[in-house]
Amino acid sequence: MRALRPLVILCGLVLLWQALVWLTAAPHYILPDPLRVGTALVERWPFLWGHALVTAAEIVLGLLLGTLLGCLTALTLIALPPARRWLMPMLVVSQAIPVFALAPVLVLWLGYGLASKVAMATLIIYFPVTAAFFDGLRRTETGWLDLARSLDARPARILWHLRVPAALPALGSGVRIASAVAPIGAVVGEWVGSSAGLGYLMLQSVGRGKTDLMFAALLLLAVFAVLLYELVDWSLKRAIYWQRETAVA
Amino acid sequence: MKPSGGQTAPSIALRGAHLAFEGEPLFEDLALDLPAGEITCLLGPSGVGKSSLLRLIAGLAEGAGGRVEDGGGRSLTGRVAYMAQQDLLLPWLKVRDNLLLGPRLRGEAVTQALRDRAAGLLARVGLEGRSEALPRALSGGMRQRCALARTLMEERPVVLMDEPFSAVDAITRHELQDLAAGLLAARTVFLVTHDPAEALRLGHRIHVMAGRPARLDEALLPPGAPPRPLGDPACTGLLAELMARLSSAKRAVNRSGDQEAAE
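Following this line, the structure appears as structure tokens:
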């Protein structure tokens with residue numbers, strides 16, 4: 002039953018969609034039925050797949066870059082307390098500016114290509130990753146730190162062998178959130194200005210009345226986002242193999 | 399006296415120990431002597447400052463002050479091992495790597511000799527064949543034995559233990575006490591506990607800490623070498639005396655609490 006559940010949910014949603022089409026009697030350029038979208042998906046597959054790869058590249062690169070920058074910032078904040086006084090206010094201010102409002106500027110500076118979308122995705126996940134990891138690094142169990150001190154541990158070793166592994170479950174939560182929001186950054190970036198990608202394709206399709214193609218692109222985006230999240234979640238569970246115990250303790 | 403393979407166990411003198419909590423002195427100008435190669439136990443009501451006193455000797459107490467020296471007036475730096483109530487095993491490290499935490503955190507090379515020593519200690523605490531296991535695969539008693547092995551891994555002549563066996567069941571605690579008494583022989587040990595029976599099994603000397611600011615009473619010296627068997631008639635008599643000292647200590651804490659409430 003457990004394995005069947007997603008399939009049942011999927012069928013239910015498709016039926017609901019079809020029911021909505023029947024009930025509202027909406028024309029196909031407003032709300033296409035599942036069959037029409039499915040047909041578009043199959044017939045335009047190579048075209049859709051090309052755009053999907055562009056968006057996927059933006060999302061994955063943004064996720065990697067944002068996670069890397071977030072980790073480096075959190076480590077700097079914890080390792081250099083004087084830097085904290087300068088970096089923290091900047092971090093908070095950077096979050097007060099809505100990332101979406103920056104999209105036009107990023108496109109202006111970085112162009113219509115990959116770079117501006119990667120920058121958007123990076124920006125949108127940078128803060129959750131930094132905040133989660135920094136929080137984890139600050140909350141190392143005091144007993145462990147006492148033990149380390151009694152063992153005459155070197156500060157750099159405490160950071161690397163104690164604080165960082167102890168903060169990995171917290172970083173994991175940040176990266177999970179990041180993998181869920183990274184697609185938003187990439188797609189918004191594409192909406193503002195681009196020449197390829199699923200977000201670009203969606204805007205173009207709506208503009209030309211090809212709503213079925215728009216839905217097909219949306220479907221593809223949703224599937225990719227879910228797969229990405231599941232992959233990240235699975236990898237994190239493997240990498241942080243002791244987490245279940247920590248969660249219970 | 400020398401613990402196996404280690405340095406000579408020193409006697410320890412603590413003088414002028416003081417600690418204030420929210421402006422009120424928990425203890426001030428306290429003196430304590432730990433004879434070389436003996437187990438000194440400290441009992442007392444909760445919140446009297448037992449753990450703070452231990453942490454002061456371990457060099458871990460924030461806000462507390464006092465002079466801690468060995469019999470020759472030298473500092474104890476690098477000669478003290480610390481064991482807490484929680485096992486403090488790192489969940490991401492295998493049992494063996496938890497034992498090798500000290501060298502790892504000091505940036506020393508983990509040599510084959512160290513690995514062999516870890517394996518030997520694991521065997522002595524009854525954890526042979528478990529060196530590749532993660533802590534979560536161990537029971538509470540096994541985890542505490544692993545923590546004991548990690549403490550002994552350091553080969554330090556002074557061992558400070560803060561209620562090390564209080565989180566395990568009675569049978570396991572009894573086994574751990576036997577094991578600890580054997581493995582800690584010839585080290586200078588300071589053991590904070592809330593269990594008078596444990597103090598009577600393990601302690602060469604037993605102090606009760608009481609009052610506010612807290613004082614230490616004259617040490618009780620149970621006859622015979624630890625670990626003493628349960629039901630030892632000499633111990634049974636001393637247990638009654640210890641219980642009397644502890645309940646009067648507890649009444650004193652309650653009285654001072656009432657006074658504070660009245661003020």
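Chain order of the listed sequences is P and S.
Going letter by letter, the first sequence gives residues 2 to 250 in the numbering used here.
Going letter by letter, the second sequence gives residues 399 to 661 in the numbering used here.
For each residue, glycine too, the CB sits at the ideal point set by N, CA and C.
Since the structure is predicted, the reported quantities are computational estimates derived from the model, not experimental observations.
Simplified DSSP assignment, three categories, for residue i
| i | result |
| --- | --- |
| residue 423 (chain S) | strand |
| residue 21 (chain P) | helix |
| residue 34 (chain P) | coil |
| residue 14 (chain P) | helix |
| residue 588 (chain S) | strand |
| residue 153 (chain P) | coil |
| residue 2 (chain P) | coil |
| residue 438 (chain S) | strand |
| residue 93 (chain P) | helix |
| residue 491 (chain S) | coil |
| residue 431 (chain S) | strand |
| residue 446 (chain S) | coil |
| residue 628 (chain S) | coil |
| residue 137 (chain P) | helix |
| residue 127 (chain P) | helix |
| residue 45 (chain P) | coil |
| residue 356 (chain S) | The requested residue 356 (chain S) is not part of the displayed model; chain S covers only 399 to 661. |
| residue 472 (chain S) | coil |
| residue 147 (chain P) | helix |
| residue 244 (chain P) | helix |
| residue 233 (chain P) | helix |
| residue 557 (chain S) | strand |
Option in the options with minimal Cα separation from residue i
| i | options | result |
| --- | --- | --- |
| residue 20 (chain P) | P:242, P:175, P:9 and P:35 | P:35 |
| residue 495 (chain S) | S:505, S:513, S:478 and S:409 | S:513 |
| residue 222 (chain P) | P:9, P:16, P:59 and P:37 | P:59 |
| residue 445 (chain S) | S:502, S:602 and S:609 | S:609 |
| residue 44 (chain P) | P:232, P:235 and P:213 | P:213 |
| residue 225 (chain P) | P:109, P:54 and P:160 | P:54 |
| residue 535 (chain S) | P:70, P:18 and P:243 | P:243 |
| residue 599 (chain S) | S:431, S:440 and S:408 | S:440 |
| residue 153 (chain P) | S:414, S:506, S:469 and S:530 | S:506 |
| residue 194 (chain P) | P:239, P:61 and P:114 | P:114 |
| residue 371 (chain S) | S:414, S:425, S:420 and S:405 | Residue 371 (chain S) cannot be examined here, being either before or after the span of chain S that is shown, 399 to 661. |
| residue 123 (chain P) | P:167, P:206, P:185 and P:4 | P:185 |
| residue 7 (chain P) | P:241, P:50, P:89 and P:227 | P:227 |
| residue 135 (chain P) | P:173, P:110, P:109 and P:125 | P:173 |
| residue 520 (chain S) | S:562, S:479, S:572 and S:540 | S:540 |
| residue 492 (chain S) | S:517, S:524 and S:532 | S:532 |
| residue 72 (chain P) | P:166, P:47 and P:110 | P:166 |
| residue 431 (chain S) | S:422, S:455 and S:564 | S:455 |
Supposed close pair residue i, residue j - CB separation, criterion 8 Å
| i | j | result |
| --- | --- | --- |
| residue 560 (chain S) | residue 483 (chain S) | 6 Å |
| residue 606 (chain S) | residue 585 (chain S) | That pair is no contact at about 23 Å. |
| residue 488 (chain S) | residue 547 (chain S) | So it is not a contact: roughly 14 Å between Cβ atoms. |
| residue 181 (chain P) | residue 230 (chain P) | 6 Å |
| residue 168 (chain P) | residue 138 (chain P) | 4 Å |
| residue 164 (chain P) | residue 79 (chain P) | 7 Å |
| residue 594 (chain S) | residue 637 (chain S) | 6 Å |
Status (buried if at least 16 other CB within 10 Å, exposed otherwise) for residue i
| i | result |
| --- | --- |
| residue 662 (chain S) | Coverage of chain S is limited to positions 399 through 661, which leaves residue 662 (chain S) absent and any answer about it impossible. |
| residue 106 (chain P) | exposed |
| residue 645 (chain S) | exposed |
| residue 251 (chain P) | Past the boundaries of the shown model lies residue 251 (chain P); chain P is included only from 2 to 250, so the question cannot be answered. |
| residue 30 (chain P) | exposed |
| residue 508 (chain S) | exposed |
| residue 2 (chain P) | exposed |
| residue 450 (chain S) | buried |
| residue 402 (chain S) | Since pLDDT at residue 402 (chain S) reaches only 48, below the 50 mark, its modelled position is unreliable, and no value is offered. |
| residue 86 (chain P) | exposed |
| residue 89 (chain P) | exposed |
| residue 468 (chain S) | buried |
| residue 190 (chain P) | buried |
Residue i and residue j closer than 8 Å at C-beta
| i | j | result |
| --- | --- | --- |
| residue 103 (chain P) | residue 183 (chain P) | no |
| residue 485 (chain S) | residue 542 (chain S) | yes |
| residue 175 (chain P) | residue 127 (chain P) | no |
| residue 204 (chain P) | residue 52 (chain P) | no |
| residue 438 (chain S) | residue 653 (chain S) | no |
| residue 466 (chain S) | residue 417 (chain S) | no |
| residue 589 (chain S) | residue 601 (chain S) | yes |
| residue 40 (chain P) | residue 32 (chain P) | no |
| residue 92 (chain P) | residue 143 (chain P) | no |
| residue 573 (chain S) | residue 479 (chain S) | no |
| residue 1 (chain P) | residue 237 (chain P) | Given that chain P is displayed from residue 2 to residue 250, the structure contains no residue 1 (chain P) and the question cannot be resolved. |
| residue 447 (chain S) | residue 647 (chain S) | no |
| residue 582 (chain S) | residue 151 (chain P) | no |
| residue 464 (chain S) | residue 414 (chain S) | yes |
| residue 503 (chain S) | residue 84 (chain P) | no |
Partner residues on chain C for residue i, Cβ-Cβ distance less than 9 Å
| i | result |
| --- | --- |
| residue 144 (chain P) | Looking at the structure shown, chain C is missing, and the protein chains on hand are P and S. |
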